[in-house]
Amino acid sequence: MNCKKVIHELTSYLDGVLDSTMRIDLEQHLSGCTDCRLVVDTCRKTIQIFCNSEPVPLPEEVRRRLHTALLERFRRKAKTI
Amino acid sequence: MVPCQMYAAGLFAQPSGAPWIVSASEPKPLASTIVRDDEAALVSAAKGGDTTAFEELVNRYERKIFRLGMNITQNREDAEDVMQDAFLKSYQNLDRFQGDSRFYTWLVRIAVNEALMKLRKRRPNQVSLDEPLTDADGEDSVFREIEDWGPSPEKKFAQTELNEILNSVISELDPIFRVAFLLRDVEGLSTEDTAQILGISVAAVKSRLLRARLKLRQKLNKYFRRSETQ
Chain A
10 MNCKKVIHEL TSYLDGVLDS TMRIDLEQHL SGCTDCRLVV DTCRKTIQIF CNSEPVPLPE
70 EVRRRLHTAL LERFRRKAKT I
Chain B
858 MVPCQMYAAG LFAQPSGAPW IVSASEPKPL ASTIVRDDEA ALVSAAKGGD TTAFEELVNR
918 YERKIFRLGM NITQNREDAE DVMQDAFLKS YQNLDRFQGD SRFYTWLVRI AVNEALMKLR
978 KRRPNQVSLD EPLTDADGED SVFREIEDWG PSPEKKFAQT ELNEILNSVI SELDPIFRVA
1038 FLLRDVEGLS TEDTAQILGI SVAAVKSRLL RARLKLRQKL NKYFRRSETQ
């Protein structure tokens, strides 16, 4: 396997859906290629950092406006039935 | 299984003992775990006119839909509109929901469409859902900046600063790549669900995801490279 193929298969490898033969080939390449190792490692960390990032809080007033709009919609629908 | 889940389960493909593997910090609760077994029952009750059942669905997903709106539009007012429109439209069209996907997936599809419409209105000539013709920052440039980030590069930043960095780099992504990354890697949807929501093939999702991940990696490099941390 060459470097270009590693990049091509990167998403499947990181997601753990690469078939075992291909995975073994890829990992064999990684063991001897510092550049590809660093790309795989930093790509994995990129996903990990976003996964672990703080969720955007939902402000209470925004939530209140949503529920007020919903109640209004419920009432309107009830009137038409 | 999607990346966030794999971190939690320790299943991310990594040869044991390899020195370049980081130990993951404690992951947060996973996106997919919010879908409980009774979602279908709630939808069915809501279809029958039970408004409290629909409110329960809203309570369950409002934070996620708001976050998704924020991440796509990068604007709080737009995110609020996206969230409100998504819930009101899903309520309005509940009878049309056939149950051939999860309610949450259907809701996300509505929210993504609303968010993309906001983006198009704001930047009518800049937001396209077509594939870019050139790949100046894609696979071909991946080996331009290759540096070690060290074991936990994010820890050199305070949480607020880190959030600003992440918001900044993701906002610079082309919307078609940003949305694929957000749905798949941040919201934790499957590749198949992401393809269904975006109306594209699984292969196209994988292609967009690869380019999004490579691009984000490249953008984060200037903050996280080891030389910057010493």
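Protein chains in written order, with my numbering: chain A, 10 to 90; chain B, 858 to 1087.
Where is the CB? At the ideal position from N, CA and C, for every residue including glycine.
If you compare the alpha carbons of B:Ser1058, B:Gly1056 and B:Val1026 with that of B:Ala1069, the shortest gap goes to B:Val1026. Taken atom to atom, the span from the alpha-carbon of A:Val49 to that of A:Cys60 is near 17 Å. Distance from the CA of A:Val15 to the CA of A:Cys45, rounded to the nearest whole angstrom, comes to 7 Å.
Within a 10 Å sphere around the beta-carbon of B:Pro1032 sit 16 or more other beta-carbons, which makes this residue buried. In chain order, Thr1051 and Leu1066 place their CB closer than 6 Å to the CB of B:Arg1041, counting only its own chain and leaving out the 5 sequence neighbours on each side. Here B:Val915 is not near B:Ile1054, since their CB atoms are 8 Å or more apart. The stretch 922-939 of chain B and the stretch 63-72 of chain A touch, with no fewer than 3 CB-CB distances between them shorter than 8 Å. When B:Gln1016, B:Gly905 and B:Lys921 are compared, the shortest CA-CA separation from B:Leu1046 is found for B:Lys921.
By the neighbour-count criterion, in which 16 or more other beta carbons inside 10 Å mark a residue as buried, B:Thr1048 falls on the buried side. Residue-level contact by beta carbon holds for B:Leu1077 and chain A, with a gap shorter than 8 Å. Taken through DSSP and simplified to helix, strand or coil, B:Trp1006 comes out as coil. Fully enclosed alpha helix (DSSP H) runs of no fewer than 4 residues occupy 1016-1028, 1032-1038 and 1048-1055 of the stretch 1002-1057 of chain B, in order along the chain. Close to A:Arg82, with beta-carbon spacing below 8 Å, are these residues of chain B in chain order: Leu945, Tyr948 and Gln949. A:Ile33 counts as exposed, since fewer than 16 other C-beta atoms from the protein chains shown sit within 10 angstroms of its C-beta. Those residues of the stretch 44-67 of chain A placed with their C-beta closer than 9 Å to a C-beta in chain B are Asp44, Cys45, Arg46, Leu47, Val48, Val49, Asp50, Thr51, Cys52, Arg53, Lys54, Thr55, Ile56, Gln57, Ile58, Phe59, Cys60, Asn61, Ser62, Glu63, Pro64, Val65, Pro66 and Leu67, ordered along the chain. Check the Cα spacing between A:Ala78 and each of B:Glu1004, B:Asp942 and B:Ile1057: the tightest is with B:Asp942. Residue burial annotation: A:Glu63 is exposed, with fewer than 16 other C-beta atoms found within 10 angstroms of its C-beta. Taking the Cα positions, B:Ser901 is about 52 Å away from B:Asp1005. Residues are counted here when their Cβ sits less than 7 Å from a Cβ of chain A; for the stretch 923-942 of chain B these are Phe923, Arg924, Met927, Glu937, Met940 and Gln941, given in chain order. Proximity of chain B to A:Arg72 at the Cβ level (cut-off 7 Å) is accounted for by Glu919, in chain order. The alpha-carbon separation between A:Cys42 and B:Lys1079 amounts to approximately 22 Å. Rounded to the nearest whole angstrom, the CA to CA distance from B:Val1062 to A:His38 is 26 Å. Interface residue (Cβ-Cβ distance to chain A less than 8 Å): B:Trp963 is not classified as such. Taken through DSSP and simplified to helix, strand or coil, A:Cys42 comes out as coil.
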